[in-house]
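Quick notes on the structure that follows.
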């Protein structure tokens, strides 16, 4: 299990928000934390601590400059996602991203858009692609949600579908949207199932708030999944010491 750090950008600032409150007009976004520090501060900190494979997520428009600054502060150290398409994906790799993360581009109109998936794979190669399977529970099953986590797709996160998608990417990023940003504990069922279903590197995000949560996560997943933590960390206004998380995860990996 590795700790994968994050930089979430909203309106050009580093923030931690409750993901499911995102809307196109940004009128009712619940912000857990708005940093006075810029994106390069966090990128350089992650580089200093030798944390690779974290992600920069651009939540809506107005984040391009801050995202590129972070990429250039830690070349090859972080992935990037948020509004990226086959047309602009290669440019982000050229600006320092290690991988491109996609959700809404490959899940369109409530279903998997295979032409778009094939287009971006042709452009940057599967080795540079991370598919975001951020999902919510409905009727006891997990479904990918898109459009800033506001729209259910018909794509179920299950062993068959995961096996199919693994042919087109090198990693998965999975936000447990029901608990994302709420510091209410990890989604135990999802974490456990993912660890059984995936055969490529996969990062789980959502709800972790303590070392006890990390211990539980590590036990449930047998160390197979990586984890990211946002608003619970003291660097984002929370109570969980960032340094303590780094040390714990380094011991596990």
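Numbering (UniProt numbering), first residue to last: 1 to 253.
Backbone N, C-alpha and C define an ideal beta-carbon position, used for all residues, glycine too.
Note that this is a predicted model, so its numbers are computed, not measured.
For residue 32, there is no enclosing alpha helix (DSSP H); the residue is found in the beta strand (DSSP E) stretching over 31–34.
Apart from the 5 residues on each side of it in sequence, residue 33 sits with its Cβ closer than 7 Å to the Cβ of 15, 16, 231, 236 and 237 in its chain, given in chain order. Setting aside the 5 residues that flank it on each side, residue 168 is surrounded in the same chain by 117, 121 and 126, each with a C-beta closer than 6 Å to its C-beta; the list follows chain order. Looking at 221, 29, 240 and 154, the one whose alpha-carbon comes closest to that of residue 107 is 154.
For residue 114, there are no CB contacts under 6 Å within the same chain when 5 residues up- and downstream are skipped. The closest CA to that of residue 29, considering only 10, 233 and 88, is found on 10. Residue burial annotation: residue 160 is exposed, with fewer than 16 other C-beta atoms found within 10 angstroms of its C-beta. When secondary structure is reduced to three states using DSSP, residue 55 falls in the strand class. Looking only at 228, 31 and 103, the smallest Cα-Cα distance to residue 86 is reached by 103. Taken in chain order, the complete beta strand (DSSP E) segments of 3 or more residues contained in the stretch 113–163 are 129–132, 135–138, 141–146 and 151–156. Across the structure, residue 192 and residue 182 are spaced so that their CA atoms are roughly 20 Å apart. The C-beta separation of residue 174 from residue 202 comes to about 6 Å, placing the pair in contact by the 8 Å criterion. Taking every protein chain shown into account, the CB of residue 36 has fewer than 16 other CB atoms within 10 angstroms, so this residue is exposed. Bounds of the alpha helix (DSSP H) holding residue 242 are 242–252.
DSSP places residue 40 within a helical segment (H, G or I) once states are collapsed to three. Rounded to the nearest angstrom, the Cβ distance from residue 185 to residue 207 is 5 Å, consistent with a contact under 8 Å.
Relative to the Cα of residue 74, the nearest Cα in the group 63, 52 and 60 belongs to 52.
Listed as beta-bridge partners of residue 15 by DSSP are 34. Around the CB of residue 138, fewer than 16 other CB atoms lie within 10 Å, so the residue is classed as exposed. Between residue 162 and residue 124, the CB-CB gap reaches or exceeds 8 Å. Pairing residue 39 with residue 66 gives a Cβ-Cβ distance under 8 Å.
Residue 176 carries a strand assignment under DSSP once its states are collapsed to helix, strand and coil.
DSSP, reduced to helix, strand and coil, places residue 89 within a helical segment of the structure shown. Excluding residues up to 5 positions away in sequence, 62, 63, 65 and 66 lie with their Cβ nearer than 8 Å to the Cβ of residue 12 in the same chain. Under the 10 Å beta carbon count, residue 219 is surrounded by fewer than 16 other beta carbons and is classified as exposed.
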